[in-house]
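Structure below.
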């Protein structure tokens, strides 16, 4: 029997890409799942009757308290921002994402939650470093409001660990991809490339395509969340990535190979918020809970293409 069997887990951001995949993972492990969402459910999400759905806003303290009540584990994957947003209005990111995350942590501590797991960003909190892969001990110099916001929440969660005795763990995820990722939300290069391969739409690439990223399949991401939820570790921070770097141009070639379609690409000047290379060292989580990525980029992109093709028939 799974260690999560019978435990009430609340997932904030349950309708998002990682959140939905995490809910499915938790259900398979026998957990009781409460899914919190802000806007609306898709058709297939409405049909998932095993999830206790709750709609509301994280700024509403009473709503959040009700959502957390009786829960053993809280997963905070809720976010209204992406790496390209909020750079022109950083204060908005604080009000929309940082403050609600801190309020959720405080309420969770007061409710006696066993573990609080936060989805941070391994792709943005480190910034443009000179040595890779980066470990949890590497300097953090984020160059986007998104990265600064994620790092700020991490630091406050350390305060909650020390002073509110809340068992907090932040997972710095690299670049997740896989089934159920939207191609139209400003994140998810794999999803966008697959969409362009399917539709024939032109793909806009910021820069020359030589930016290097660490792509990790969502199956491996939610496996890390599950593993941390079940572990007794008192370490509060882990990288979650594949450890392999791939350029954008290499990813384009792989999608073309998997899909059998040629993608029309237009290169435009790069963005200031894009670091040139990001690859994570995930040896700490491997040593701590024996987690490791199971799906190669080649197999993962093929899996995602097959899902995308069937979902859009």
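Numbering (this note's numbering), first residue to last: 287 to 599.
Backbone N, C-alpha and C define an ideal beta-carbon position, used for all residues, glycine too.
Identify every run of the beta strand (DSSP E) within the region 293 to 360, keeping only runs that are complete inside it and at least 3 residues long; order them along the chain.
294 to 298, 318 to 323 and 338 to 341
Out of 572, 480 and 576, which one is the CA nearest neighbour of residue 543?
480
In whole angstroms, what is the alpha-carbon distance linking residue 581 and residue 502?
8 Å
Going by DSSP in three states, residue 577 sits in which element: helix, strand or coil?
coil
Measuring only the C-alpha atoms, how far is residue 387 from residue 541?
36 Å
What residue range is occupied by the uninterrupted beta strand (DSSP E) comprising residue 381?
That residue, residue 381, is in no beta strand (DSSP E); it is neither H nor E in DSSP.
May I ask you to report which of helix, strand or coil DSSP gives residue 552?
strand
Note down, one range per segment and in chain order, each beta strand (DSSP E) of at least 3 residues found wholly within the region 489 to 517.
Counting only runs of 3 or more, we get 489 to 492 and 501 to 503.
Can you find at least 3 beta carbon pairs, one from the region 439 to 450 and one from the region 556 to 567, that sit closer than 8 Å?
no
Output the distance between the C-alpha atoms of residue 491 and residue 324, rounded to the nearest integer angstrom.
31 Å
Nearest-angstrom Cα separation, counted from residue 528 out to residue 536
16 Å
Our contact map puts residue 439 next to residue 353 with C-beta atoms below 8 Å; I'd like the distance itself, whole angstroms only.
Your pair residue 439 and residue 353 does not check out as a contact, with CB atoms roughly 18 Å apart and the cut at 8 Å.
Please name the residue in 427, 332, 374 and 486 whose C-alpha comes closest to that of residue 265.
For the chain, the structure presents residues 287 to 599; residue 265 sits outside this window and is missing.
Given 8 Å, three or more beta-carbon pairs between the region 567 to 585 and the region 500 to 516
yes
Expressed to the nearest angstrom, what Euclidean distance is found between the alpha-carbon atoms of residue 287 and residue 396?
Bear in mind that a pLDDT of 35 at residue 287, under 50, signals an unreliable position, so the number given afterwards is only what the model happens to contain. Going from the Cα of residue 287 to the Cα of residue 396 covers about 29 Å.
Please confirm if the region 297 to 310 is in contact with the region 458 to 474, defined as three or more CB-CB distances below 8 Å between the two stretches.
yes
In angstroms with no decimal places, state the Cα-to-Cα distance between residue 344 and residue 390.
7 Å
Using the rule of at least 16 other Cβ atoms within 10 Å of the residue's Cβ for burial, across every protein chain shown, is residue 590 buried or exposed?
buried
From what residue to what residue does the alpha helix (DSSP H) around residue 403 run?
Counting along the chain, residue 403 falls outside any alpha helix (DSSP H), though it belongs to the beta strand (DSSP E) covering 401 to 407.
Using CA coordinates, which residue listed in 383, 373 and 374 is at the minimum distance from residue 298?
383
Inter-residue spacing [alpha-carbon to alpha-carbon] between residue 393 and residue 346:
11 Å
Taking the beta strand (DSSP E) that residue 459 falls in, what are its first and last residues?
454 to 459 is the extent of the beta strand (DSSP E) around residue 459.
Could you spell out the range, first to last residue, of the alpha helix (DSSP H) harbouring residue 598?
No alpha helix (DSSP H) holds residue 598; DSSP gives it neither H nor E.
Exposed or buried, which one is residue 520 when buried takes at least 16 other CB atoms within 10 Å?
Residue burial annotation: residue 520 is exposed, with fewer than 16 other C-beta atoms found within 10 angstroms of its C-beta.
Residue 308 burial status per 10 Å Cβ neighbour count (16 or more: buried)
buried
Separation of residue 441 from residue 373, as counted between CA atoms:
20 Å
Residues near residue 505 in its chain [Cβ-Cβ closer than 6 Å; skip 5 each side]
581
Using 8 Å for Cβ pairs, my map puts residue 567 next to residue 421. What's the rounded Cβ distance?
4 Å
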